[in-house]
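Notes for the one structure printed next.
Protein chains: 2
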Amino acid sequence: MDMAIKMKNKRPTLQDVADLVGVTKMTVSRYLRTPDSVSAPLQEKISAALETLGYIPNRAPDILSKSKSHAIGVLLPSLTNQVFSEVIRGIESVLEPAGYQTMLAHYGYSKEAEESRIATLLSYSVDGLIISESYHTDRVRKMLAVAGIPVIEIMDSVSPPIEQAIGIDNQAAAYAMTECMIKRGRQKIVYFAARMDQRTLFKIRGYETAMTDHGLTPLCLKTHSASSFTMGANFLKEALAQQPDTDGIFCTNDDLAIGALYACQKSGIRIPEDIAIAGFHGHDISRAMVPLLATVITPREDMGRLAAEHLLSRLQGNPITQAVIDLPFKIDIGESI
Amino acid sequence: MDMAIKMKNKRPTLQDVADLVGVTKMTVSRYLRTPDSVSAPLQEKISAALETLGYIPNRAPDILSKSKSHAIGVLLPSLTNQVFSEVIRGIESVLEPAGYQTMLAHYGYSKEAEESRIATLLSYSVDGLIISESYHTDRVRKMLAVAGIPVIEIMDSVSPPIEQAIGIDNQAAAYAMTECMIKRGRQKIVYFAARMDQRTLFKIRGYETAMTDHGLTPLCLKTHSASSFTMGANFLKEALAQQPDTDGIFCTNDDLAIGALYACQKSGIRIPEDIAIAGFHGHDISRAMVPLLATVITPREDMGRLAAEHLLSRLQGNPITQAVIDLPFKIDIGESI
DNA sequence: CCATGATTTGTTACGAGTAACATTACCATA
DNA sequence: TATGGTAATGTTACTCGTAACAAATCATGG
Chain E
1 MDMAIKMKNK RPTLQDVADL VGVTKMTVSR YLRTPDSVSA PLQEKISAAL
51 ETLGYIPNRA PDILSKSKSH AIGVLLPSLT NQVFSEVIRG IESVLEPAGY
101 QTMLAHYGYS KEAEESRIAT LLSYSVDGLI ISESYHTDRV RKMLAVAGIP
151 VIEIMDSVSP PIEQAIGIDN QAAAYAMTEC MIKRGRQKIV YFAARMDQRT
201 LFKIRGYETA MTDHGLTPLC LKTHSASSFT MGANFLKEAL AQQPDTDGIF
251 CTNDDLAIGA LYACQKSGIR IPEDIAIAGF HGHDISRAMV PLLATVITPR
301 EDMGRLAAEH LLSRLQGNPI TQAVIDLPFK IDIGESI
Chain S
1 MDMAIKMKNK RPTLQDVADL VGVTKMTVSR YLRTPDSVSA PLQEKISAAL
51 ETLGYIPNRA PDILSKSKSH AIGVLLPSLT NQVFSEVIRG IESVLEPAGY
101 QTMLAHYGYS KEAEESRIAT LLSYSVDGLI ISESYHTDRV RKMLAVAGIP
151 VIEIMDSVSP PIEQAIGIDN QAAAYAMTEC MIKRGRQKIV YFAARMDQRT
201 LFKIRGYETA MTDHGLTPLC LKTHSASSFT MGANFLKEAL AQQPDTDGIF
251 CTNDDLAIGA LYACQKSGIR IPEDIAIAGF HGHDISRAMV PLLATVITPR
301 EDMGRLAAEH LLSRLQGNPI TQAVIDLPFK IDIGESI
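Structure below.
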């Protein structure tokens with residue numbers, strides 16, 4: 001066999017193109033960035049050579065010499081949650097048309113994992129970071145400070161931001177929904193909480209404050225595992241066991257609420273006559289189902305979109321105009337409370 | 001003000017660490033990779049200096065000299081679709097523990113966009129690619145060939161793969177579900193199709209073949225826009241207008257099916273007595289709702305997981321063991337047919 | 001007390017593209 | 001035809017970490 005020609009299977013470089021044309025790689029480099037800076041005959045020859053070899057630009061040298069990767073790191077707690085899928089969608093809808101690449105990472109709600117993921121993203125010289133959660137370790141804060149790139153925190157608008165935060169006031173949202181249920185006559189409202197992350201803790205506080213403000217006794221069922229329809233059904237059973245006259249359920253997200261709602265339907269519990277159910281986030285399904293789920297509608301995609309827009313603005317050298325952007329939420333009473 | 005010390009705000013390099021300790025960067029480099037290759041006193045001093053400066057490794061030189069980024073490019077048609085969120089989850093569940101970074105991109109079902117996204121991913125020297133759809137332009141095929149990195153296609157197991165494909169037989173799946181509905185007595189089944197991508201076309205073919213095989217007349221409602229609950233409701237209206245005695249609906253995905261199902265509930269159409277409804281994919285919601293949605297359960301997360309596993313295996317130098325991996329689907333008749 | 005080998009640290013070169021500077025080619029005009 | 005000026009192309013140096021090689025240091029045994 002001929003094992004001569006083959007072997008050199010590495011992708012073509014500017015030098016390969018230059019050799020084919022008979023010029024230096026500098027000329028090819030110039031052609032790629034400003035075609036007219038090269039003479040007309042060369043333009044054609046270089047263009048043909050690029051096509052022949054299938055040349056693809058290489059960002060590595062640029063990342064090395066200019067520390068600019070044109071990539072943005074996105075660090076979220078989870079990919080399992082629909083909320084974050086929508087955030088990613090919002091982010092990508094801005095970054096991609098702007099020519100930025102998204103580097104996605106997740107840390108499963110673990111602080112140690114967050115540290116290592118941020119280090120990893122920084123090791124790729126990302127030009128900016130979008131991260132979530134409002135609490136960060138000192139090590140994370142130091143890494144971000146040293147990296148000297150713009151960082152935007154999303155999801156929560158209450159905690160003081162590292163630089164800039166875009167989110168909602170989860171506590172106020174939970175308070176509002178709880179109060180709404182109380183005003184509609186519910187007294188024995190149970191809160192279903194999962195994951196127990198920062199945002200969930202804020203929501204619980206909002207719920208508990210609303211309950212005690214109205215002279216009612218809060219009852220919160222908690223799990224550290226992820227939320228799911230099944231978990232919502234399980235929580236329903238437990239709630240009825242602990243508090244048989246439960247007349248309202250407020251869930252940390254739509255999954256739990258829908259799980260609880262279907263479980264009620266299966267056991268002949270009428271919604272909302274017997275028990276009122278409310279969720280959190282307002283996913284598409286809750287806007288379509290029968291009965292319509294009462295929920296707190298949150299601007300998840302907007303959060304991603306705005307975060308990306310502000311990040312790009314800062315990459316263009318603009319200063320931070322607003323350290324905290326508090327996005328509005330909306331209470332939708334649907335048909336389930 | 002003192003503008004002396006500040007200014008040099010770029011992130012610390014190995015040289016900075018070395019200067020602080022009083023050695024060459026080579027020594028620090030060695031310490032980072034094999035701490036014991038450096039004398040004990042130096043180990044401590046270097047460790048302290050790294051901490052003081054907040055040094056973060058830089059992958060750029062490695063990418064440049066070894067063309068190894070430890071990043072995997074993932075190109076999907078859309079991020080809007082829950083199917084792909086779950087695929088991403090599967091991919092990340094393997095890549096992240098293996099120390100690989102995910103570079104995510106999407107192309108909105110456009111072939112031109114696919115070309116440019118692949119070029120972008122390659123420009124970052126990704127070590128491997130996971131892409132979707134089975135049809136690719138010549139330019140894409142050439143880029144992939146020149147890049148010389150392992151490529152895995154997911155979602156479809158029928159078309160001949162570039163190198164390796166992992167997916168399901170969409171046509172067979174649609175055929176199976178259609179036949180199942182027919183065997184349960186349905187005659188006037190309408191197909192709801194959206195997006196009209198490769199996979200949808202396969203499904204339509206499966207549905208139509210099953211119908212004609214059983215002497216029935218297929219009727220397919222189509223839209224090029226994305227599927228949604230609303231679209232499912234609209235399709236229902238149109239189906240009843242075009243074929244008032246419609247007794248079955250088979251949808252290209254669960255969203256359309258659920259939208260149609262809820263629309264039926266609202267108009268007093270009984271499911272499945274009056275109309276049988278089936279979806280495709282078996283998302284969590286369809287496994288929890290009342291009535292349980294009949295659906296084709298597809299191994300979305302498995303697809304991602306397997307794709308990532310096979311990719312890693314090939315990055316470790318193993319050959320392709322199976323060019324096409326056809327994953328099983330499952331018909332779940334639920335309570336809606 | 002020096003030779004020998006082992007251990008530790010240092011030096012040089014490289015990867016791909018580009019900024020900055022240097023050179024060459026070419027044209028028009030005096 | 002020499003000259004000035006511009007347009008086109010070439011050269012050099014640089015980015016940061018590390019492989020490969022070189023040098024220095026140290027310990028041990030004869």
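These protein sequence lines map, in sequence, to chains E and S.
Okay, so the first sequence: first residue is 1 according to the UniProt record's numbering, each after it adds one.
Okay, so the second sequence: first residue is 1 according to the UniProt record's numbering, each after it adds one.
All C-beta atoms, glycine included, are put in the ideal place defined by N, C-alpha and C.
message: So, at 7 Å on beta carbons, what are the nonlocal neighbours of R117/E in its own chain, with the 5 sequence-adjacent residues on each side left out?
response: If you number the first sequence from 1, residue 117/E lands on position 117. Only L75, A105 and Y107 meet the Cβ criterion.
Residues, ordered as in the chain, of the segment 79–100 of chain S that lie near chain E by beta-carbon distance below 8 Å: L79, T80, Q82, S85, I88, R89, E92 and E96
task: Could you tell me which residues DSSP pairs with D332/S in its beta bridges?
output: Numbered from 1 along the second sequence, position 332 holds the residue referred to as residue 332/S. Looking at the DSSP assignment, D332/S forms a beta bridge with T295/S.
message: Using only CA atoms, which one of I320/S, A226/S, D274/S and M181/S lies nearest to T200/S?
response: Numbered from its first residue, the second sequence carries residue 200/S at position 200. Looking at the Cα atoms, A226/S is the closest of the given residues.
task: Run down chain S in chain order and give the residues with a C-beta less than 8 Å from the C-beta of T102/E.
output: Within the first sequence, numbered from 1, the residue matching residue 102/E stands at position 102. Here the neighbours are M103, L104 and A105.
field: Buried versus exposed, by CB contacts within 10 Å (16 or more), S336/E
entry: If you number the first sequence from 1, residue 336/E lands on position 336. Under this definition S336/E is a buried residue.
query: Looking at V23/E and G53/E, is the spacing between their C-beta atoms short of 8 Å?
result: The residue you call residue 53/E lines up with position 53 of the first sequence. The residue you call residue 23/E lines up with position 23 of the first sequence. Before going on, a small fix: residue 53/E reads as Leu here, not Gly. The answer is no: Cβ separation not under 8 Å.
- prompt: What first and last residue would you give for the beta strand (DSSP E) that runs through Q164/S?
  reply: The residue labelled residue 164/S in the question sits at position 164 within the second sequence. Note, Q164/S: beta strand (DSSP E), Q164 to I168.
query: Is G128/E buried or exposed, if buried means 16 or more other CB atoms sit within 10 Å of its CB?
result: Walking along the first sequence from the start, residue 128/E turns up at place 128. Per the 10 Å Cβ criterion, buried.
message: From the DSSP secondary-structure annotation, give me the bridge partner or partners of E153/S.
response: Locating residue 153/S in the second sequence gives position 153, counting from the first residue. Bridge partners of E153/S: I131/S and A165/S.
query: Applying a beta-carbon distance threshold of less than 7 Å, which residues of chain E neighbour Q265/S?
result: Locating residue 265/S in the second sequence gives position 265, counting from the first residue. By Cβ distance, chain E contributes V290.
- request: Starting from D326/E, trace the beta strand (DSSP E) both ways and give me its first and last residue.
  value: Working through the first sequence from its first residue, we reach residue 326/E at position 326. Segment V324 to D326, the beta strand (DSSP E) holding D326/E.
field: Within chain E, partners of V38/S - CB distance below 7 Å
entry: Residue 38/S sits at position 38 when you count from the first residue of the second sequence. Neighbours of V38/S on chain E: none; closest Cβ ~21 Å, over 7 Å.
query: How many whole angstroms separate the CB atoms of Y262/S and F229/S, which I take to be in contact at a CB cut-off of 8 Å?
result: In the second sequence, the residue the question calls residue 262/S occupies position 262. In the second sequence, the residue the question calls residue 229/S occupies position 229. Between F229/S and Y262/S the Cβ distance is about 7 Å, and since that is below 8 Å, they are a contact.
field: Nearest residue (CA-CA) to E112/S, options S37/S, Y135/S, D284/S and K45/S
entry: Taking the first residue of the second sequence as 1, we reach residue 112/S at position 112. Nearest C-alpha to E112/S: Y135/S.
- prompt: So, helix, strand or coil for L95/E, using DSSP?
  reply: If you number the first sequence from 1, residue 95/E lands on position 95. Reduced to three states, the DSSP call for L95/E is helix.
- request: Might you give, ordered along the chain, the residues of its own chain that have their beta carbon closer than 6 Å to the beta carbon of Q15/S, omitting 5 neighbours on each side?
  value: Within the second sequence, residue 15/S is the residue found at index 15, counting from 1. Taken in chain order, the residues that qualify are K25.
- request: Give every residue of the same chain whose Cβ lies closer than 7 Å to the Cβ of K68/E, excluding the five residues on either side of it in the sequence, and list them in chain order.
  value: Walking along the first sequence from the start, residue 68/E turns up at place 68. So the qualifying residues of the chain are D62 and D127.
query: Should T217/S be labelled buried (16 or more other beta-carbon atoms within 10 Å of its own) or exposed?
result: By 1-based counting over the second sequence, the position of residue 217/S is 217. That one is exposed.
- request: Using a Cβ-Cβ cut-off of less than 8 Å, give me the residues of the segment 127–150 of chain S that come near chain E, in sequence order.
  value: K142, M143, A145, V146, A147 and G148
task: Mind listing, in chain order, the continuous alpha helix (DSSP H) runs of no fewer than 4 residues lying wholly within the segment 211–284 of chain S?
output: 229–242 and 254–267
query: What is the DSSP secondary structure of I46/E, counted as helix, strand or coil?
result: By one-based count along the first sequence, residue 46/E stands at place 46. Three-state DSSP puts I46/E in a helix.
task: Could you name the residues of chain E that residue 351/S contacts, counting a contact when the two beta carbons are closer than 8 Å?
output: This structure cannot speak to residue 351/S, because chain S is shown only from 1 to 337.
- prompt: Can you list, in chain order, the residues of its chain whose CB lies under 6 Å from that of R300/E, leaving out five sequence neighbours each side?
  reply: Sequence index remark: in the first sequence, residue 300/E carries index 300 (1-based). Closer than 6 Å at Cβ, skipping near neighbours: V83, E86 and V87.
field: Helix, strand or coil at H106/E [DSSP, three-state]
entry: Taking the first sequence and counting its residues from 1, one reaches residue 106/E at position 106. Strand, per DSSP.
message: When you compare the CB of F192/S with every CB in chain E, is at least one pair closer than 8 Å?
response: Looking up residue 192/S in the second sequence gives position 192. No, because no Cβ of chain E sits closer than 8 Å to the Cβ of F192/S.
field: Opening and closing residue of the alpha helix (DSSP H) in which I72/E lies
entry: Numbered from its first residue, the first sequence carries residue 72/E at position 72. From DSSP, I72/E is part of no alpha helix (DSSP H) but of the beta strand (DSSP E) over A71 to L76.
Interface residues of chain E facing L64/S [CB-CB closer than 7 Å]: Reading the second sequence from its first residue, position 64 is the one you call residue 64/S. Here the neighbours are A60, P61 and L64.
message: Quick test of the definition: if touching needs 3 or more C-beta pairs under 8 Å, does the segment 166–174 of chain S touch the segment 319–328 of chain S?
response: yes
task: With a 10 Å radius around its C-beta and 16 neighbouring C-beta atoms as the bar for buried, classify N170/S as buried or exposed.
output: If you number the second sequence from 1, residue 170/S lands on position 170. Answer is buried; the Cβ neighbour count reaches 16.
message: Counting only Cβ-Cβ distances shorter than 9 Å, please list the residues of the segment 224–258 of chain S near chain E, keeping chain order.
response: S228, F229, T230, G232, A233, D255 and I258
- request: Would you decide whether Q198/E is buried or exposed? Buried here means 16 or more other CB atoms lie within 10 Å of its CB.
  value: The residue given as residue 198/E occupies position 198 in the first sequence. Classification of Q198/E: buried, given that the 10 Å Cβ count is 16 or more.
- request: Would you grab the beta carbon distance between I46/S and V21/S for me? Rounded to a whole angstrom, and I think it's under 8 Å.
  value: Locating residue 46/S in the second sequence gives position 46, where the first residue counts as 1. Locating residue 21/S in the second sequence gives position 21, where the first residue counts as 1. Between V21/S and I46/S the Cβ distance is about 5 Å, and since that is below 8 Å, they are a contact.
- prompt: Is V83/E helix, strand or coil by DSSP?
  reply: The residue given as residue 83/E occupies position 83 in the first sequence. Here V83/E sits in helix by DSSP.
query: List, in order along the chain, the chain E residues whose C-beta lies closer than 7 Å to that of T120/S?
result: The residue labelled residue 120/S in the question sits at position 120 within the second sequence. Those are Q101, listed as they occur along chain E.
message: Taking only three categories from DSSP, how would you classify V28/E?
response: Here residue 28/E refers to the residue found at position 28 of the first sequence. Here V28/E sits in helix by DSSP.
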